[in-house]
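Sequence positions in the sequence shown follow our numbering and run 14 to 737. Where is the CB? At the ideal position from N, CA and C, for every residue including glycine. Quick caveat, the model's predicted, so the values are computed rather than measured. In what follows, a structure is listed as structure tokens, so that the remarks can point back to it.
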Amino acid sequence: MLTLSPPPSPAATAEPAAPATMGTRKTGFYRHDLDGLRGIAIALVAMFHVWFGRVSGGVDVFLALSGFFFGGKLLRAALNPTVSLSPVAEVVRLVRRLLPALVVVLASCALLTILIQPQTRWETFANQSLASLGYYQNWELANTVSDYLRAGEAVSPLQHIWSMSVQGQFYIAFLLLVAGCAYLLRGKLRANMRTTFIVLLSALTVASFVYAIIAHQADQSTAYYNSFARAWELLLGALVGALVPYVRWPMWLRTVVATVALAAIVSCGALIDGVKEFPGPWALVPVGATMLMILAGANRHSHPSTRDRMPLPNRLLATGPLVALGAMAYSLYLWHWPLLIFWLSYTGHRRANFLEGTAVLLISGVLAYLTTRLVEDPLRYRASAQTASLTAVPPIPWRLRLRRPTIVLGSIVALLGVALTATSFTWREHVIVQRANGKELSGLSSRDYPGARALIHHVRVPKLRMRPTVLEVKNDLPASTKDGCISDFHNPAVVNCTYGDVNAARTIALAGGSHAEHWLTALDLLGRMHHFKVVTYLKMGCPLSTEQVPLIMGSNAAYPQCHTWVQRAMRKLVNDRPDYVFTTSTRPWNIKPGDVMPATYIGIWQTFSDNNIPVLAMRDTPWLVKDRKPLIPADCLAKGGTAQSCSLARSKVLVDRNPTLDFVERFPLLKPLDMSDAVCRHDVCRPVEGNVLVYRDSHHLSRTYVRTMTGELGRQIAAQTGWW
């Protein structure tokens, strides 16, 4: 995630047409101020994450600096006929630079995951540790965000590694691009190589920026992790690296620009909500400010190592403490986020207070210092003069020339990586085997696993193991999900599938979001028994509503496609004219306990009423929220909780009277259904009833539990329809 690439070697720095602006301490061309800028950036990232729960823009600074350091180094090597650009050697240096610290942190996180987090989260960690090692963590997270079945998972301790994956992908792609162009433009064409690179980089930067704007508008949460939407930040750094030798600025202008740019970087996190606005146009603020800092500190006719010839802000950044902080920025970034997440997981707090945050930052700093000195440096900097000249050691006051043998340390890190990979694959296979046992859930004995019947009919409940188990429940899904009969967040189509008695003349249209969908299991059984078919009109996270800009419940992310889909689904429902539409009629309050019928549902009832289509209006399932955080029963039980300790007071999630009843007189075709008494007791909502796990997450019922509610649902539908 950080400015990972080392500064270029002296040979790679030489430019025949202009003095170089980057190099090593020996040549005197090393940009100490940019190390200091890294120090400022990592301080902002860590403090905003830990104390404020916000994005600071520091990550974007790192991306831009990475493009400048790595891209500039490769371009100078490609343009210098005396330097041989070896892709294999560059990849080896990247591996030595990036992987050791990453493996150590991942192995430590694996141990903490086992000690602190419930088994229900181990699979997520295994998937993301493999993604982190393979440098595709950003795509793993993008898929998680877009996958409604995984969107409610607790925050991962490895979430921050997305930016390192973006950089790793950029390094390889850019290396291949430069090496390929250098090969194609060899010989007589070499004279035009600089112009070719500048034109090519400019085109790629603009294309990526335009794509970022489009992707941001279409789906910001997914675009946030998209490599192509982030590429412009690194490409712009590489482009500036190619242009910086020709910069001529008067000192007064450089000072003004550097002052404004540094102020923009420092204030970015407070003024811009990066979680919602990046990687769109607002990301230009931290990225553009970084480019201005680079340009302000460079001067074609001034020696950059002479600090009094640099603008005051750059000279301040080149001071020892900031340079030292910047030198261990990579390790500090690796450590601070998982330590914060594990602390929050251990304490159950939503955020760290000032003292807790300070402790997290201090421990992160100590671990970063040790990781840098004991892991990064010994494996990155070899004793030979040749390697030292290639890696160009940045200045750190406490850095020693490390002469210890690296074979043992390298072997230990390699074994840790192998062990972590093997353990992750093994746990994933274990979970797959456990979930395979879930196939028998549909055949559970109703006497041994009465589920909702224990609440409705007060039947005897034997002492048996809960089913589905905490590992099985994730896949205890309605048939429509497994059949692809519910449109996901990106699919605009209205998907129709038929369940129940597919040859029946009578039809119930199951319409809305996943909270309508999870009743399909019972409706399918009832349709087979009482001869009606169930036709789906479903979209993830999208109840029937007239709201112009719907929000995804829980994340409050804008979901404009939902409104378009609802309009399309309503037209189709009116044209298809089912005997009844089955949909949800309430939602939880966002501002207080209990549930409510939103005003945006009234237009839906009016449309159905105008077209003489009756509605089976199901009161929504209670959403389990505790201390303003989703309460996931499987997680709570996996931590050692009980059905009692993992429960919630019914008054916290449901009001005393079904809100739908207030609208029955106005809409006579509105037929209210309420299964709350089959989910909750009169005073409490428990995660387990009748030996069956009620919820598969904080607000979706498990398929197995819905099956046990078939009798009560059938009784209520019969009372409203008179069909049996």
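- Which one of Tyr343, Tyr394, Arg641 has the shortest CA to CA distance from Thr384? Here residue 384 corresponds to residue number 371 of the sequence shown, with the count starting at 1. Ranking Tyr343, Tyr394, Arg641 by Cα distance to Thr384 puts Tyr343 first.
- Bridge partners of Ile53, per DSSP? Indexing the sequence shown from 1 puts residue 53 at position 40. DSSP, once it has assigned bridges, lists no residue as partnering Ile53.
- Query: Pairing CB atoms from the segment 602-616 with CB atoms from the segment 665-675, are three or more of them under 8 Å?
  - Reply: yes
- Message: So, at 7 Å on beta carbons, what are the nonlocal neighbours of Arg109 in its own chain, with the 5 sequence-adjacent residues on each side left out?
- Response: Reading the sequence shown from its first residue, position 96 is the one you call residue 109. Within the same chain, Arg109 has close Cβ partners Leu392, Arg393.
- Could you say which of Gly525, Asn588, Gly616, Thr534 lies nearest to Asp489 if we only look at CA atoms? Along the sequence shown, one-based indexing puts residue 489 at 476. Nearest option by C-alpha distance: Thr534.
- Item | Close Cβ partners of Gln130 (< 6 Å) along its chain, the five nearest in sequence each way excluded | As a working note, residue 130 is residue 117 in the sequence shown. Result list for Gln130: Ser358, in chain order.
- Message: Restricting to Cα atoms, I'd like to know which of Ala54, Arg44, Ala77 is closest to Val300.
- Response: Translated into positions along the sequence shown, residue 300 becomes position 287. When only C-alpha atoms are compared, the closest one is Ala77.
- Which whole-angstrom value describes the C-beta separation of Gly310 and Phe81, a residue pair presumed to lie in contact below a C-beta threshold of 8 Å? The residue labelled residue 310 in the question sits at position 297 within the sequence shown. The residue labelled residue 81 in the question sits at position 68 within the sequence shown. Not a contact, Cβ separation roughly 11 Å.
- Message: Less than 8 Å between the C-beta atoms of Gly4 and Leu536, yes or no?
- Response: What the structure shows of the chain is the stretch from 14 to 737, and residue 4 is not part of that stretch, so it cannot be assessed.
- Round the Cβ separation of Ile532 and Met631 to the nearest angstrom and send it over; I've been treating them as touching at under 8 Å. Indexing the sequence shown from 1 puts residue 532 at position 519. Indexing the sequence shown from 1 puts residue 631 at position 618. The residue you asked about is not Ile; residue 532 is Trp in the sequence shown. The pair is a contact, with the Cβ atoms about 7 Å apart (cut-off 8 Å).
- Task: Give every residue of the same chain whose Cβ lies closer than 6 Å to the Cβ of Ser234, excluding the five residues on either side of it in the sequence, and list them in chain order.
- Result: Along the sequence shown, read from residue 1 onward, the residue named residue 234 stands at position 221. These residues qualify, in order along the chain: Val158, Ala570.
- Message: Once DSSP output is grouped into helix, strand and coil, what is the label at Val406?
- Response: Your numbering for residue 406 matches position 393 in the sequence shown. With a pLDDT of 41 at Val406, under the threshold of 50, the predicted position of this residue should be treated as unreliable, and no value is reported.
- Message: What would DSSP say about Thr655, mapped onto helix, strand or coil?
- Response: What you label residue 655 is simply residue 642 of the sequence shown in a count that begins at 1. Thr655: coil per DSSP, three-state reduction.
- Item | Test item: CB-CB of Thr209 and Leu198 under 8 Å | Taking the sequence shown and counting its residues from 1, the one referred to as residue 209 is at position 196. Taking the sequence shown and counting its residues from 1, the one referred to as residue 198 is at position 185. Yes, the pair counts as a contact, with Cβ atoms nearer than the cut-off.
- Spatial neighbours of Ala56 in its chain, beta-carbon cut-off 7 Å, leaving aside the 5 residues before and after: As a working mapping, residue 56 is identified with position 43 in the sequence shown. Excluding sequence neighbours, Ala56 sits near Leu338.
- Query: Exposed or buried, which one is Ala271 when buried takes at least 16 other CB atoms within 10 Å?
  - Reply: Numbered from its first residue, the sequence shown carries residue 271 at position 258. Flag for Ala271 reads buried.
- Task: Indicate the three-state DSSP secondary structure (helix, strand or coil) for Pro481 in the structure shown.
- Result: By one-based count along the sequence shown, residue 481 stands at place 468. Coil at Pro481, not helix or strand.
- Message: I'd like the list of long-range same chain contacts for Ser437, defined as Cβ closer than 7 Å, with 5 residues on each side in sequence excluded.
- Response: The residue given as residue 437 occupies position 424 in the sequence shown. Ala139, Ser142, Leu143.
- Query: To which residues of the same chain is Met5 closer than 6 Å at the C-beta, ignoring the five residues directly before and after it?
  - Reply: The chain is shown only over 14 to 737; residue 5 falls outside these bounds and no answer can be derived.
- Query: Is it a yes or a no for the segment 181-193 touching the segment 262-278, going by three-plus beta-carbon pairs under 8 Å?
  - Reply: no
- Task: Check Thr319 in the structure and name its three-state DSSP category.
- Result: Position 306 of the sequence shown, counted from the start, is the residue given in the question as residue 319. At Thr319 the pLDDT is 46, less than 50, meaning the model places this residue with poor confidence; the figure from the coordinates comes in the next sentence. Three-state result, Thr319: coil.
- Message: For Leu741 and Asn516, what's the separation of their Cα atoms in angstroms?
- Response: Absent from the structure is residue 741, since the part of the chain shown begins at 14 and ends at 737.
- Shortest alpha-carbon distance to Gly147 belongs to which of Thr434, His712, Ile499, Asp286? As a working note, residue 147 is residue 134 in the sequence shown. Per the Cα distances, Thr434.
- Item | Which listed residue (Gly49, Gly616, Pro672) has its alpha carbon closest to that of Leu325 | Counting from one through the sequence shown, the residue named residue 325 turns up at place 312. It is Gly49 whose Cα lies nearest to the Cα of Leu325.
- Item | Ordered list of alpha helix (DSSP H) runs contained in the segment 289-359, each at least 4 residues | 297-309, 325-330, 333-340
- Endpoints, beta strand (DSSP E) assigned at Thr511: By 1-based counting over the sequence shown, the position of residue 511 is 498. Residues 511-513.
- Integer Cβ distance of Ala91 from Ala195, believed to fall under 8 Å: Against the sequence shown, residue 91 aligns to sequence position 78. Against the sequence shown, residue 195 aligns to sequence position 182. Correct: roughly 4 Å between the Cβ atoms.
- Item | Integer-rounded CB distance, given that Ala651 should sit under 8 Å from Val799 | An answer regarding residue 799 cannot be provided, because it is not within the stretch 14 to 737 covered by the chain.
- Message: Applying the 10 Å Cβ sphere with the 16-neighbour rule, what's the burial state of Gln657?
- Response: Taking the sequence shown and counting its residues from 1, the one referred to as residue 657 is at position 644. Gln657 is exposed by the Cβ-count criterion.
- Below 7 Å CB to CB, which residues in the same chain sit around Thr319 once its five sequence neighbours on both sides are set aside? As a working note, residue 319 is residue 306 in the sequence shown. At Thr319, the pLDDT of 46 sits below 50, so the modelled position is not reliable; the number obtained from the coordinates is stated separately. None.
- Message: Would the segment 572-589 count as touching the segment 550-564 if we require 3 or more Cβ pairs under 8 Å?
- Response: yes
- Query: How far does the beta strand (DSSP E) with Thr549 in it reach, from first residue to last?
  - Reply: Locating residue 549 in the sequence shown gives position 536, where the first residue counts as 1. Looking at the DSSP string, the run of the beta strand (DSSP E) that includes Thr549 is 546-551.
- Message: At a threshold of 7 Å, does Arg466 count as lining the ligand ADP (C-beta to nearest heavy atom)?
- Response: The ligand ADP is not among the ligands present in this structure, which contains no ligands whatsoever.
- Distance, Cα to Cα, Arg466 vs Glu442? Taking the sequence shown and counting its residues from 1, the one referred to as residue 466 is at position 453. Taking the sequence shown and counting its residues from 1, the one referred to as residue 442 is at position 429. Near 35 Å, if we compare the C-alpha coordinates of Glu442 and Arg466.
- Secondary structure at Thr40, three-state DSSP: helix, strand or coil? Locating residue 40 in the sequence shown gives position 27, where the first residue counts as 1. Unreliable placement is indicated for Thr40, whose pLDDT of 40 sits below 50; the coordinate value is still reported in the next sentence. Residue state, collapsed to three classes: coil.
- Task: Give, in chain order, every unbroken run of the beta strand (DSSP E) that is at least 3 residues long and sits entirely within the segment 666-709.
- Result: 683-686
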